[in-house]
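As given, the protein sequences belong to chains A and B, one line each in that order. Last residue of the first sequence? That's 201 in the numbering used here, and every number before it is there in order. Last residue of the second sequence? That's 512 in the numbering used here, and every number before it is there in order.
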Amino acid sequence: MQNNRNYIVFLCLLLLLSSCVSRKAFSTKYYHENEKTLTGIEQSFKTLYAQKPFSLGFSDLSFNYISIEIITDSIKYIYEFQINESRFQDTLYKYNLPADGITNLVNQMRSIHCLWINNLDFYTNNQKRSLVFMSIHPLAIHIPFAPEKYYILTFYSQPQYFDSEGRLLERRRLKKLRKINDEVFRRINDKVCYTISERFR
Amino acid sequence: MRTGNKNIIRLFYTLLSCCICLGYINASANSNPSSDTTALSTKEQALAFLDKQTDLTASNFWPNVHPVFFLQNLRKNIENPLSIYEGRSTNFCGYAALSYLPLHDDPLGYLRFMLEIYKNGKAVYGKEYFEPSREIKQAAGTLSFKGELDIRPADQLWFMLLADHFKGYLNFFDKHYNPGDENKTWAAVNFAKFNRMVRNLFNYKVESIGSDLVRPGLRDPVEYLSSRLQTGNIALFVNNLDLYKKNHTQLKFSVPTHFVILLNITEIDDDTVAITYWDYGGKTLQRVSVSFLKKIIFGISHITQKTDHAK
């Protein structure tokens, strides 16, 4: 009986603590703690993407299955492999993808629980621009049966505009919020923003 | 008596003539190819028609759709029909999927309608009369951060027009457009609504199996899809979260949310198939297991052209 009561008190405290943790603080803190690795992944992806467009991620939360989308002019190929499966390397060679670079990228992503990375196009004044979209599975406390939450980071090539609350804007003079996948993004620095989403891509 | 007989005979011949006439009219109607035949045209006809549109001026009805960009967008759609793009995170996938049909089979009909609605703010397409709401006319051309849809004002107009006009039960609580509704239930398409749109707009014969909640329960989906691909187009109503693995939640209510056009299906081995489908402005080839295929497909629409001899 005493054990049960302790257990309930412990659970309540856990829930209280989890509700008190600021997601904003977590996200910016997470970024600053892992800045070197995150920017390393972003730079590697940009370099590899320039050679041949692709998107890369993990299709499971134990980070054992790789999902890769290989983009060509006429068709997109979607494959899924186990992390040590030889077919993964074979496929990279088959499509002339930089195999060593992508393997290193997979390892880097796995080390910080980065679930997905891709390149998103967007348009400003009819000019095509792109950003790197990265989603991370946080190792924070997870409430059972609640939907998963992912930390999404977006890396721009140019400084962006934000309002006084740090929310990403479409343009400097236009007070319209810029939403990606229907999510409002917030400032980490001039070129990097974050949000918390139920969708990792 | 003789006069009476004559009158009866006259009446008999009159009735007979009427029957023959009615029969002839009916037969004429049935033999008219335009009565129940899917309209067809070629890319060349459509481009020739588009080349003549040199005097298109800004529309009073669509203030945010510039005529030059509008025509550029239409030309892209005709020259490369696979490039039509529903936009990132919108609910326009059903409208984009059905656009595959006129852009391949009747691009001229599509163009005529688009120019008519642009110039006059109202137009008829198939069995449907479109007179879009003021909110739609203001919003078309202003959608942003949807990827390439941002710079395709004609596609914005087309998708919003369809979402504004066709309503299903999913749209019951959100029938009027407000900014941002393109991502919400205002634009949602259920399976029956999709099939109705294809029938009413383009006059195709649509045979469908499956539903919004219950899968079709096919024993051999590969054989079913392969055989139907030989005779027409196939639209699949699939669970997008599974197809693209958009979350990792263990407990999820499996429902279909996405329309794709199936282009090819090939057996790799006993349990694996390669499916090629169109969505998001391009073709995708994906290897999946047969069990996964059964799991994601909720609706299959087999869409064939009608001819006057095959009603």
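Each residue gets a CB set at the ideal place from its N, CA and C atoms; glycine is no exception.
query                                                                                                                                                                  : result
Cβ of B/D514 less than 8 Å from any chain A Cβ?                                                                                                                        : Residue 514 of chain B is absent from the model: chain B starts at 202 and stops at 512.
Going by alpha carbons, who is nearest to B/K495 out of B/S455, B/D480, B/G482?                                                                                        : B/S455
List, in chain order, every chain A residue whose beta-carbon is nearer than 9 Å to that of B/G483.                                                                    : I71, S74, I75, K76
I'd like to confirm the pairing. Which residues does DSSP put opposite A/R121 in its beta bridges?                                                                     : Inspection of the sequence shows that residue 121 of chain A is occupied by Asp rather than by Arg. Partner(s): A/S130.
Determine contact between the segment 179–186 of chain A and the segment 62–70 of chain A, defined as no fewer than three beta-carbon pairs at a distance below 8 Å.   : no
Under 6 Å Cβ to Cβ from A/Y95, same chain only, skipping five residues before and after it: list those, please.                                                        : I70
Can you give me the Cβ contacts of B/L414 inside the same chain, cut-off strictly under 8 Å, excluding the 5 residues immediately before and after it?                 : V456, F499
For A/E33 and B/N261, I'd like the C-alpha separation in whole angstroms.                                                                                              : 54 Å
Measure from the C-beta of B/L486 to each C-beta in chain A and report whether the shortest distance is under 8 Å.                                                     : yes
Hey, out of A/P98, A/S74, A/L97, A/S67, whose CA is closest to A/E85's CA?                                                                                             : A/S67
Measuring CB to CB, does B/F314 end up less than 8 Å from B/A324?                                                                                                      : yes
What separation, rounded to the nearest whole angstrom, lies between the Cα atoms of B/G327 and B/T239?                                                                : 10 Å
Does B/R276 come out as helix, strand or coil in the three-state DSSP assignment?                                                                                      : helix
Just to check my reading of the structure: B/N278 and B/L304 have Cβ atoms closer than 8 Å, yes? What is that Cβ distance to the nearest angstrom?                     : 6 Å
What did DSSP end up calling B/L371 once you bin it into helix, strand or coil?                                                                                        : helix
Span of the beta strand (DSSP E) holding B/G483?                                                                                                                       : 483–490
Please classify B/T477: does DSSP put it in a helix, a strand, or coil?                                                                                                : strand
DSSP on A/Q160, reduced to helix/strand/coil?                                                                                                                          : coil
Please list the residues of the segment 371–402 of chain B that have a C-beta atom closer than 7 Å to any C-beta atom in chain A, keeping them in chain order.         : N384
Against chain A, does B/R289 count as a neighbour if the rule is that its beta carbon must be under 8 Å from one of theirs?                                            : yes
Taking the straight line between their C-alpha atoms, what separation do you get for A/H137 and B/S290?                                                                : 21 Å
For B/Y225, collect the residues of the same chain with a Cβ closer than 8 Å to its Cβ; drop the 5 residues on either side in sequence, then sort them by chain order. : Any reading at B/Y225 is ruled out, since the residue's pLDDT is 36, under 50, leaving its predicted position unreliable.
Taking Cβ positions only, does A/V21 come closer than 8 Å to chain B?                                                                                                  : At A/V21 the pLDDT is 48, less than 50, meaning the model places this residue with poor confidence and gives no usable figure here.
When we look at the beta-carbon of B/P380 and count the other beta-carbons within 10 Å, is it buried (16 or more) or exposed?                                          : exposed
Go to B/N465, then tell me how far its alpha helix (DSSP H) extends in each direction, as first and last residue.                                                      : Taken as a continuous stretch (DSSP letters only), B/N465 belongs to no alpha helix (DSSP H), being part of the beta strand (DSSP E) at 459–468.
On the criterion of 16 or more Cβ atoms from any shown chain inside 10 Å, does B/T255 qualify as buried, or is it exposed?                                             : exposed
With a CB to CB cut of under 7 Å and the five nearest residues on each side skipped, what residues in its chain are close to B/N227?                                   : Because B/N227 sits at a pLDDT of 37, beneath the cut-off of 50, its placement in the model cannot be relied upon, and the following sentence gives the value as read from the coordinates. Hits under 7 Å: none found.
In terms of residues, what are the limits of the beta strand (DSSP E) holding B/I285?                                                                                  : Taken as a continuous stretch (DSSP letters only), B/I285 belongs to no beta strand (DSSP E), as it is neither H nor E.
Just tell me which of B/S300, B/G411, B/L463, B/D382 has its CA closest to the CA of B/N391.                                                                           : B/G411
How many Å lie between B/M361 and B/T477 at the Cα?                                                                                                                    : 27 Å
Applying the 10 Å Cβ sphere with the 16-neighbour rule, what's the burial state of A/L174?                                                                             : exposed
If you compare alpha carbons, which of A/A99, A/E148, A/F200 is closest to A/K52?                                                                                      : A/A99
Which value, in whole angstroms, describes the spacing of the CA atoms of B/E349 and B/N441?                                                                           : 20 Å
From B/W438 to B/D480, what distance separates their C-alpha atoms?                                                                                                    : According to the sequence provided, residue 438 of chain B is Phe. The question's Trp does not apply to it. When rounded, the distance between both Cα atoms is 12 Å.
Pull up the distance between the alpha-carbon of B/Q506 and that of A/F122, whole angstroms please.                                                                    : 38 Å
Please list, in chain order, the chain A residues whose beta carbon lies closer than 9 Å to that of B/G348.                                                            : L120, D121, F122, Y123
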